[in-house]
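Asks: Below is one structure. I have some questions about it.
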Amino acid sequence: DAKTTQPPSMDCAEGRAANLPCNHSTISGNEYVYWYRQIHSQGPQYIIHGLKNNETNEMASLIITEDRKSSTLILPHATLRDTAVYYCIAGLNTDKLIFGTGTRLQVFP
Amino acid sequence: GAVVSQHPSWVICKSGTSVKIECRSLDFQATTMFWYRQFPKQSLMLMATSNEGSKATYEQGVEKDKFLINHASLTLSTLTVTSAHPEDSSFYICSAKISGAGGELFFGEGSRLTVL
Chain S
1 DAKTTQPPSM DCAEGRAANL PCNHSTISGN EYVYWYRQIH SQGPQYIIHG LKNNETNEMA
61 SLIITEDRKS STLILPHATL RDTAVYYCIA GLNTDKLIFG TGTRLQVFP
Chain B
1001 GAVVSQHPSW VICKSGTSVK IECRSLDFQA TTMFWYRQFP KQSLMLMATS NEGSKATYEQ
1061 GVEKDKFLIN HASLTLSTLT VTSAHPEDSS FYICSAKISG AGGELFFGEG SRLTVL
């Protein structure tokens, strides 16, 4: 599975959009980009995933660059409850997801 | 979304005892379940892949005799930490993959083990 690189931490004001970047320059053509988040002392929560096209659901949007070497998770209107560690994972499927260190997003009032 | 439940959510035990953690998929069948371990301020580390009706596949460095995994039905996998020691204290998380096409993955709430 391709390795991903994320900034260790980010801050975002409540109500503003949170844009979380992820680099996956060695991703292969058939590997998806998955995003999960983990709120303190809970299990990870699925957010969104994509292959080539941009994706949107009720939680977030995923923007994947044309060369697929990087992506951005967008939380359009961050709330305090979005404070969590966000993991970007590249993989063929959800088998054996390998979690990196993620980005710790702090949403402040 | 689908629900994966772990029990107990937290447990404290004495050194040398064994502890069993259950992982249940409440509203779907899961041919495959995964067990992770997470130490404080660290990321999740995959321990093993559990397939219903067969032996679990352990990741490198994980002792299979120490961490016994049983996946006896399509909705239940158990992790038993045998002869627990303080260094086994950790947050144990399971995930379950929906059987069939698509194969969405859902995580349990985690079980915090403290070994005294």
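Chains as they are written, first to last, in the working numbering: chain S, 1 to 109; chain B, 1001 to 1116.
Glycine included, C-beta positions come from ideal geometry on N, C-alpha and C.
1. Anyone know if the C-beta pair for L1116 of chain B and S1015 of chain B falls short of 8 Å?
2. Using 10 angstroms around the beta-carbon of F1107 of chain B, count the other beta-carbons present and answer buried if the total reaches 16, otherwise exposed.
3. Smallest Cα separation from L92 of chain S: which of S:L51, S:T4 and S:N23?
4. For chain D, check one thing: does any of its Cβ atoms lie closer than 8 Å to the Cβ of Y46 of chain S?
5. Can you confirm whether I98 of chain S, when its beta carbon is compared against all beta carbons of chain B, has any partner nearer than 8 Å?
6. Nearest-angstrom Cα distance between I1093 of chain B and G102 of chain S?
7. By DSSP, does P21 of chain S sit in helix, in strand, or in coil?
8. Taking the continuous beta strand (DSSP E) assigned at G91 of chain S, which residues delimit it?
9. Does the separation of the CB atoms of V1011 of chain B and S1111 of chain B fall below 8 Å?
10. Could you tell me which of S:T83, S:T5, S:N19 and S:Y32 sits nearest to I74 of chain S, measuring between CA atoms?
11. Is the beta carbon of L180 of chain S sitting closer than 8 Å to the one on M10 of chain S?
12. Relative to the C-alpha of N53 of chain S, which residue among S:P44, S:S70 and S:R37 is closest?
13. What first and last residue would you give for the beta strand (DSSP E) that runs through S1090 of chain B?
14. Run through chain S and tell me which residues come within less than 8 Å of K1097 of chain B, C-beta to C-beta.
15. Please list the residues of the region 1037-1065 of chain B that have a C-beta atom closer than 7 Å to any C-beta atom in chain S, keeping them in chain order.
16. Does T4 of chain S have its Cβ less than 8 Å from a Cβ in chain B?
17. Going by DSSP, which residues form a beta bridge with N1051 of chain B?
18. Taking buried to mean at least 16 other C-beta atoms within 10 Å of its own C-beta, is R16 of chain S buried or exposed?
19. Of the residues that make up the region 18-49 of chain S, which ones have a beta carbon closer than 9 Å to any beta carbon in chain B?
Replies: To lay it out plainly:
1. By 1-based counting over the second sequence, the position of residue 1116 of chain B is 116. By 1-based counting over the second sequence, the position of residue 1015 of chain B is 15. Using a Cβ distance threshold of 8 Å, L1116 of chain B and S1015 of chain B count as a contacting pair.
2. Taking the first residue of the second sequence as position 1, residue 1107 of chain B is located at position 107. Burial call: buried.
3. Counted from its first residue, the first sequence places residue 92 of chain S at position 92. Relative to the Cα of L92 of chain S, the nearest Cα in the group S:L51, S:T4 and S:N23 belongs to S:L51.
4. Absent here is chain D; the protein component of the structure consists of chains S and B.
5. Your numbering for residue 98 of chain S matches position 98 in the first sequence. At a cut-off of 8 Å between C-beta atoms, I98 of chain S counts as an interface residue with respect to chain B.
6. Position 93 of the second sequence, counting from 1, holds the residue named residue 1093 of chain B. Position 102 of the first sequence, counting from 1, holds the residue named residue 102 of chain S. The alpha-carbon of I1093 of chain B is positioned some 17 Å away from that of G102 of chain S.
7. In the first sequence, counting from the first residue as 1, residue 21 of chain S sits at position 21. The answer is strand: DSSP assigns P21 of chain S an E or B state.
8. On the first sequence, position 91 is the one that residue 91 of chain S refers to. Here the beta strand (DSSP E) through G91 of chain S covers A84 to G91.
9. On the second sequence, position 11 is the one that residue 1011 of chain B refers to. On the second sequence, position 111 is the one that residue 1111 of chain B refers to. Contact flag set, yes.
10. For the purposes of this step, residue 74 of chain S is taken as residue 74 along the first sequence, with counting starting at 1. Nearest of S:T83, S:T5, S:N19 and S:Y32 to I74 of chain S, Cα basis: S:N19.
11. This structure leaves residue 180 of chain S out entirely; chain S is present only between 1 and 109.
12. The count along the first sequence starts at 1 and reaches residue 53 of chain S at position 53. Comparing Cα positions, the closest option is S:S70.
13. Within the second sequence, residue 1090 of chain B is the residue found at index 90, counting from 1. Where S1090 of chain B is concerned, the enclosing beta strand (DSSP E) starts and stops at S1090 to I1098.
14. Taking the first residue of the second sequence as position 1, residue 1097 of chain B is located at position 97. What K1097 of chain B touches in chain S: T94 and D95.
15. Going along the region 1037-1065 of chain B in chain order, one finds S1043, L1044, L1046 and T1049 with a Cβ nearer than 7 Å to chain S.
16. Within the first sequence, the letter at position 4 stands for residue 4 of chain S. Contact with chain B is absent for T4 of chain S, since none of that chain's Cβ atoms lies less than 8 Å from the residue's Cβ.
17. Start at 1 with the first residue of the second sequence, and residue 1051 of chain B comes out as number 51. As a beta-bridge residue in DSSP terms, N1051 of chain B pairs with B:T1032.
18. Walking along the first sequence from the start, residue 16 of chain S turns up at place 16. Per the 10 Å Cβ criterion, exposed.
19. Answer in chain order: Y34, Y36, Q38, S41, Q42, G43, P44, Q45 and Y46.
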